[in-house]
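One point on numbering: in UniProt numbering, the residue at position 94 of the sequence shown is 94, and numbering is uninterrupted.
See below for the structure under consideration.
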Amino acid sequence: ELFPANRQNVDHFAKYFTEAGLKELSDFLRVQQSLGTRKELQKELQERLSQECPIKEVVLYVKEEMKRNELPEPAVIGLLWTCVMNAVEWNKKEELVAEQALKHLK
């Protein structure tokens, strides 16, 4: 093992490889961790939306996850939008989609 058990975390890994001149490797790990975190958040959001959890509860959960995982707001907004749009079964007729979207967003 390269790192002792108490130092097997992203911060230590990033610091070690940045100091060794391998900043790209450290950046890659952070990006991978962020992608994994976003996928988990999206999965949890989809589950909460399908269970029709109260919106205030969902908002609180998202804010906590943003702080805990240091997720940027624009990324979370896009993720939320995707989850909300996927939670609805859209009409096949294009002219009715805008009307249906307004109904769901109110």
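For each residue, glycine too, the CB sits at the ideal point set by N, CA and C.
Would you check if the distance between the CB atom of residue i and the CB atom of residue j is smaller than 9 Å?
i	j	result
residue 80	residue 45	yes
residue 10	residue 42	no
residue 58	residue 49	yes
residue 16	residue 3	yes
Identify the continuous alpha helix (DSSP H) that holds residue i and give its terminal residues.
i	result
residue 42	23-50
residue 74	73-86
residue 13	10-19
residue 64	55-69
Can you give the Cα-Cα distance for residue i and residue j, rounded to whole angstroms?
i	j	result
residue 60	residue 53	12 Å
residue 91	residue 85	12 Å
residue 38	residue 14	20 Å
residue 68	residue 75	15 Å
residue 31	residue 6	22 Å
residue 66	residue 23	25 Å
residue 35	residue 20	25 Å
Could you pull out every residue in the same chain whose Cβ sits closer than 8 Å to the Cβ of residue i, ignoring the five residues on either side in sequence?
i	result
residue 98	none
Closer than 6 Å by C-beta to residue i: which residues in its own chain qualify, once you throw out the five before and the five after it? Chain order, please.
i	result
residue 100	91
Suppose the cutoff is 7 Å on Cβ atoms and the five residues either side in sequence are ignored; what does the same chain contact list for residue i look like?
i	result
residue 8	none
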